[in-house]
Structure formats: C-alpha cells, structure tokens
Amino acid sequence: MMKKGIILACIFMFLGAGIALAAAPKPASGDPIKFGAVLPLADITGKQASRAMQLAVKEINAAGGVLGRPLVVVIADDEMKGEKGAAAIDKLATVDNVYAFIGGMSSGVHMAQLPVLKKYAKPTVWIGAAASSVIEAPMAEQAWYFHLHPWDYQQVGGYITGFKELAAKNPLIKLQKWFIGYEEGAFGTTGYKGFQTLWPQQGWEVSGASFKSALMGGGEYRAALRQAKDYKPDAYLWLGYDADALPMLEQAKEIGFAPPMLIGAPPGWPADFGKSPLAEGVSLFGMWAPSLKEVSKVSKHFWDAYNKEFNEAPATYFAPLGYTNVYVVANAINKVGSLDQDKVIAALKDTKYDSPVGETLTITASRALKNQGFTKQKILQWKKGVQQVLWPLDFKTAEPAYPFPAWDKR
Amino acid sequence: MKIWKAFVIAALFLAAASLPFYTGTYLLHTIYIIMMYMSLAISWDMLLRAGQLSFGIAGLFGIGGYAATMLQVFTNINPLICILFGAIMAGLISLLIGLATLRLRGIYFAIITLAMAEIFRVIIRNLPDTWTGGAMGIVLNNAIFNGDVKQTYWLVFGILLITIVLSEVFNKSRIHFAITSIRNDEIVAMSSGIDIFKWLVVIFVITSTLQGLVGAAYTEIYGSVNPDANFSVHYSLLPLAMALLGGIRSTWGPVIGAIVLGLAGEYLKLLMPYGYLIIYGLIIILVILFLPDGIMGLIKKLTQKK
C-alpha cells in the first residue's frame, strides 16, 4: 500500500513537472524580429531610453519572444542632427531590415525624418517630438504612424487641469498671476506662446521675459528674474534646459526672488539636482517620477529591473517611455499572431498597456493625428531630493509644499 | 602624364556618378551627407586662400535653406528652382555684407562672420510665423524627388562638381595669382594693380552662393527648416575641421578631410554607439596637433622624400 502510494505520488510529481514545463514560456528561437530605434545616444534621454529598450527586449525574449522568435532592437544614434536621424532610418530599413521604427526625442531631428519615414511606411511608434505644428499635421494621414508623447498643447491643457485641481484641494494655492521665463529658442518660445494663448482663457494673467539658455552659451537670468520679481507673480515658471536649472536658482536666490510657486519645465534635470539645497520645493513637469514606484506596480517593476540590470537609477522619463515603446509594438504583434502590417496596425490602435509611466496607455485621436498615446504630463515637486507626484491625484505621492520656502529658511 | 591624369579624373568621375547603381540606400545617403559637408569645406577654403577667415558658413547655409523653403511654400514651384533661388539669395545677402565688411581684415572680418548665423537666426525666428514658421520652422509637403535616394545623390554630386570646378578655376586661372598675392602681401598686390576689395567681394559672393546652394538643397532633401537646426554652428565648425584635417588652401585637402572625418564618424558610430564622439574628437585634436598641414601636407612630405 505504502509502495503504491509512493509510485502514485511520483507519477503525479512527474505529471505536474511536465505540465509546468509545458506551460513555462519557451525560449525564443528562429530568425529574430527586429525593431529599429533612433535616439540621441550622447544625451541622457537617448542613453537611458535605449537601455530601457534593451531591458524590455530581455524580458520579452525570456518570456518567449515575439511570435516565438527572438526580438532584437537595433539602435541608431541621430546625434541630434536632422540629416543623421534621416540616414539612420535608411540604415535601419535597408541594412538591418527592421519591422518597425521606434524611439525619437527631438522635434527638429524628427522633422527631417518625416520624408524618409513616409518612403518606407512601416509601423512607427514614436516617443518624442512633441511640437504639434511641425509634426502632427504632416503625419495626420499616415495610418502607420503612432505618437506616444503628449503634444505641446496637450501638455499645457494638462497643466491647466492639474493646477486647477490642486488649487481646489489646497485653497491656499493662488494661480492668478504668472510670470514665464523662457529660453529664446524653439522650445521656450513655442511654449510661451502656448501660455499666452491659454492662460488668459482661464482668467489668469501672464507675462514673460526671455533668456539665453546656458545650453546655447547663455546662463545670465538676472534680467528676466528681476522683471519677474517686480511683477510679483503667484507662480514663476521657467522653460529652459537642464543646464539652466542650478544657475537659474542660484541667481533667484542672489536677488531674493522666491515666489509662492516656482516651477521648472526642462525636458530633463541635472543628475544631482535633488542633492542641492536649492531644489527643495521646486515644482516641475514630467511624465514619470521615481516615486511612482510607491503607487504603481508596473513602475516599481521597471524601477527595480532597470536598477538591477544597469546598476543605475533611471533619471529621465524617456527611460520608462522607451521600455513602453518596445512592449507596445511587441504586444501588438503577439496579439495578431503574425507580421501582417495592417493587422498589427489595427492591434496597435487597440493598445491597452499598463505602462511604468503610471497610466494605462491607450490610443486615441488628437487634434489631427488618429493614433495618439499619452495625453498629459504630471505635476511633480522636488522634496528632500526626490521628485514626488502632486498631480494627477490618482498617482499622488506627496502633498504640495506651498508656498515655496524662502531662501534663508531652508 | 596629362593623358593619364585626365584618364584617372574621368574614371573617378564615372565611378562616383555611377555609384547609385551598385550601392545601397544607407551608404548612398551617408555619402551624399559627406558630399554636402565637402562642398561647404571646399567653399570655406576658397575664401581662406584669399587670406579671409570666415565662420559664417552656417548663416549662409541657413539663408539658402530658408529662401528655398519659403519660395516653395508660397509658390509651390519646382524644388530645383527653389534651390537656385536659395543660392542666389545667399549670394545677394553676402554681396551686401561683403560691401559693408570686406574692408575689415583678419580677426575683425572673422568676428563679423561669426555673428552672421546668430543674427540671421534671430531675425528669422522673429519674423511672422506665417512667413518663416517662427521658432518651430516649416515642414514641406514632400522631399525633393519624393525622397528618391539616387536622384538626391546626383543632385548633391552635381553641386559638389560645381564646387570642385570653381575651386579648380580659382587654383588654375589668373584669379589664383590675384588671391595668392592678396593673401601674401596686400601692399604688393595693390602695387601690382590688383583691386583687392573687388576681388575679395567677388570671392566672398561666390563662396557664399555655394554655401547657400548646399543649404537650399539640404532643406529640399529633408523637407524642413528650423532656425536652431539650419543655423547651427555645427555647419560652420565641421567643414572647417574637415578642411584643416585634409589640408587647407587646396581643393583636394578638404575633399580628403571630408571623406576621412565623414566615414570615420559613421564607422565609429557602428563600432561603439556609446561614446564614439570622444574618439572622433580625439582624432581631430591629434591630427591638428601633429599634422598642422593636414593629410595633404603629410602626403606632400612623403612624396618629396622619395
């Protein structure tokens, strides 16, 4: 009896192990399916996005690949130059024979890539290039073109909603008078024009002054800051680059300018910005913050996996965007079960992906484009060296520090 | 000897002209990017041969691009005509600048040209958006030749040929004596009856027209203009580095420099995608430090020893 029991137990164990093995993902095999990513590799956004893409590839291949075949992401550097970005598309299409194009950062580079992308008309899922006036309309008729980053006007629309919701929750927060310090290039000027149009529609006053960004050889902000100080705004917002962050705050401290709300809106922040005592209480915009890992399981998984894989922390939202970029295309192909382009495009339109950025990514129409992904950024704040999420309230990780602390009381 | 030389040049021309028939799209694209920079490098060197150091390539490159794009947007005429218009506009603007500034010499003229790109960029950005697209620029409906790489290659190859022929005319005709004389000693040149100002204006206008031509072709090829991108200092500095690397005051020095730097950049990028720019920069520094006469200078030294 005992012997029979042991034999039966062994049979069940073998059966169980067999079922488990059959159910486990088979390692990907066969000819690889290739995606081609174009990114600026000398910039932290491109470097971390490319690493996050490789992380996604590793995970996807460990889980069985795409259609059972290994996935490969071929990465090409655009050097932040239009002609190089366009040549990279040609290389990926004709030398590497990629199935889809992914990546992207600068609108200026992407403008030069549009004719080449139209030539190949392959599935393209872009994570950068937010300048709607030069990208959205020219790509409106391209069914194969997907754009994940919120357009510039969507970002501004999101800030309006966000600040109104924050003010409704915290009656102390005043939003009546705004002063915008903007870098004189395309990024700052276009952004300022958006504020000039949309802010008065909310009944908010807005004024501004330009400065030459440190990135473009400038770095003198006192004139703009003094104008802002005289204006006595409820909120001061600067549109510039990461290189402007610390000198801007140093000079604001020097002239004693500490408005109730101080907001910075560069695409990326200096790596050690959080360690500076000047950072405390500075608000910012972004699609993602490390603190999201406290409220989002996908974000926590991404954070842990990225740290483990590269022994560094993701510091820019282009990292989770790059990770999302690969998964979205891979999932669409796996869902369809083939590489039939029309079917994959239909599946991409039907995307529902829990992204490490926080939101579940779906594809909807924007003003001109049929295939738009994310539609807003988040309002964040530096607190004790960490970016905390203030808005959307669903992802809130901290209460807003308001008003901005005086320079001599920190 | 002359027959052999003509034969080699004809063979090289045929090989270059027929390249699209046996080369892939990516290589062809890379080669025509290099050819554009090569044209800029040669045109910069042509002015240098008259003793004038210019940092204004980016300004004229951008003017050519904007003029071509705006004509295209407003009239929708043949892009080739727009490219010619871009070149003519760059030439006309350089004529005005040349008449006003070419009495200056040395560092003063260099500073004026250095400011040119920035001044043009600010003007373009502040013109009404309906004209220039403002800070974001303009995207054309389509690229020239609908993005066909072969035809685009021949367009750029044609521009390069024009540049090389003009550069050789500068080297082989009486102009050569005039500009060499101006560079070496202006007083001697004047006493020889050379109208220095007139010749400098002529050379500045010709080289600027070439730079405008390349800029105009660039915008028609990539179907867009943007003040930050098209007036980027990069278009002034890279051609300059190419000419210095290859060897200045000749046609073939900038040609060699453009080939070496252009291909090295692409090859290094494929070899080590992260950080190749460090190696690229080191190559430029080392060559300029140890080969002040460039690769052409080294070739001359080696052949003289033999």
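Chains A and B, in that order, are what the protein sequence lines are.
If you use this note's numbering, the first sequence corresponds to residues 294 to 703, in order.
If you use this note's numbering, the second sequence corresponds to residues 11 to 316, in order.
From the three backbone atoms N, C-alpha and C, an ideal C-beta is built for every residue, glycine too.
In this text the structure is predicted, and so the values were computed from the model without any measurement.
Three-state class that DSSP yields for residue i in the structure shown
i: Y529(A); result: strand
i: R362(A); result: strand
i: L76(B); result: Looking at the sequence itself, residue 76(B) is Tyr, so the reference to Leu does not match. Reduced to three states, the DSSP call for Y76(B) is helix.
i: S399(A); result: coil
i: Y284(B); result: coil
i: F394(A); result: strand
i: D523(A); result: helix
i: I204(B); result: coil
i: T657(A); result: strand
i: W562(A); result: coil
i: Y695(A); result: coil
i: I232(B); result: It is worth fixing the name first, because residue 232(B) is Tyr in this sequence and not Ile. In the structure shown, Y232(B) sits in a helix (DSSP, three-state: H, G or I).
i: L63(B); result: coil
i: H597(A); result: Per the sequence shown, residue 597(A) should be read as Asp rather than His. DSSP places D597(A) in helix when its eight states are reduced to three.
i: G511(A); result: coil
i: D635(A); result: helix
i: I87(B); result: coil
i: Q314(B); result: helix
i: Q435(A); result: coil
i: G144(B); result: helix
i: S49(B); result: helix
i: E178(B); result: helix
i: A516(A); result: helix
i: I428(A); result: helix
i: F241(B); result: coil
i: R113(B); result: coil
Beta-carbon proximity check, residue i vs residue j, cutoff 8 Å
i: L255(B); j: G272(B); result: no
i: L577(A); j: L539(A); result: no
i: P553(A); j: D523(A); result: no
i: L50(B); j: P249(B); result: yes
i: Y290(B); j: G307(B); result: no
i: S500(A); j: G481(A); result: no
i: K593(A); j: K586(A); result: yes
i: A380(A); j: Y284(B); result: no
i: G478(A); j: A145(B); result: yes
i: Q314(B); j: S53(B); result: no
i: L105(B); j: V215(B); result: yes
i: I382(A); j: V359(A); result: no
i: V418(A); j: M404(A); result: no
i: V588(A); j: F667(A); result: no
i: V224(B); j: I169(B); result: yes
i: A430(A); j: I368(A); result: no
Same chain, Cβ closer than 7 Å to residue i, five either side skipped, listed in chain order
i: V297(B); result: L255
i: R703(A); result: P570, E573
i: P493(A); result: V499
i: F550(A); result: L518, A521, K522
Continuous alpha helix (DSSP H) stretch holding residue i: start and end
i: A342(A); result: 337–355
i: L542(A); result: 535–547
i: V629(A); result: 611–629
i: M554(A); result: Not the alpha helix (DSSP H): M554(A) falls in the beta strand (DSSP E), residues 554–557.
i: K457(A); result: 445–462
i: Y646(A); result: Where Y646(A) is concerned, there is no enclosing alpha helix (DSSP H), although the beta strand (DSSP E) it sits in stretches over 645–647.
i: K377(A); result: 375–387
i: D195(B); result: No alpha helix (DSSP H) holds D195(B); DSSP gives it neither H nor E.
DSSP beta-bridge partners of residue i
i: E476(A); result: F504(A)
i: D687(A); result: In DSSP, D687(A) forms no bridge with anything.
i: K676(A); result: V679(A)
i: H747(A); result: Given that chain A is displayed from residue 294 to residue 703, the structure contains no residue 747(A) and the question cannot be resolved.
i: F328(A); result: V366(A), A393(A)
i: G579(A); result: K671(A)
i: K15(B); result: K15(B) pairs with nothing; no bridge assigned.
i: V149(B); result: S234(B)
i: K470(A); result: E498(A)
Enclosing beta strand (DSSP E) for residue i [first to last residue]
i: Q495(A); result: Run containing Q495(A): none; DSSP gives neither H nor E here.
i: K702(A); result: Segment: none, K702(A) is in no beta strand (DSSP E) and carries neither H nor E.
Proximal residues to residue i (C-beta, below 8 Å), its chain only, five neighbours per side dropped
i: A436(A); result: I638, K663, N664
i: A26(B); result: F167
i: V365(A); result: P325, I326, K327, F328, V350
i: W141(B); result: M80
i: Q674(A); result: G574, V575, S576, L577, Q680, Q681, L683, A691, P693, A694
i: R362(A); result: A321, S322, G323, D324, P325, I326
Cβ neighbours of residue i in the same chain (closer than 6 Å, five flanking residues each side left out)
i: L614(A); result: I420
Short CB-CB distance (under 8 Å) between residue i and chain C
i: A405(A); result: In summary, chain C is missing from the structure at hand, where the protein chains are A and B.
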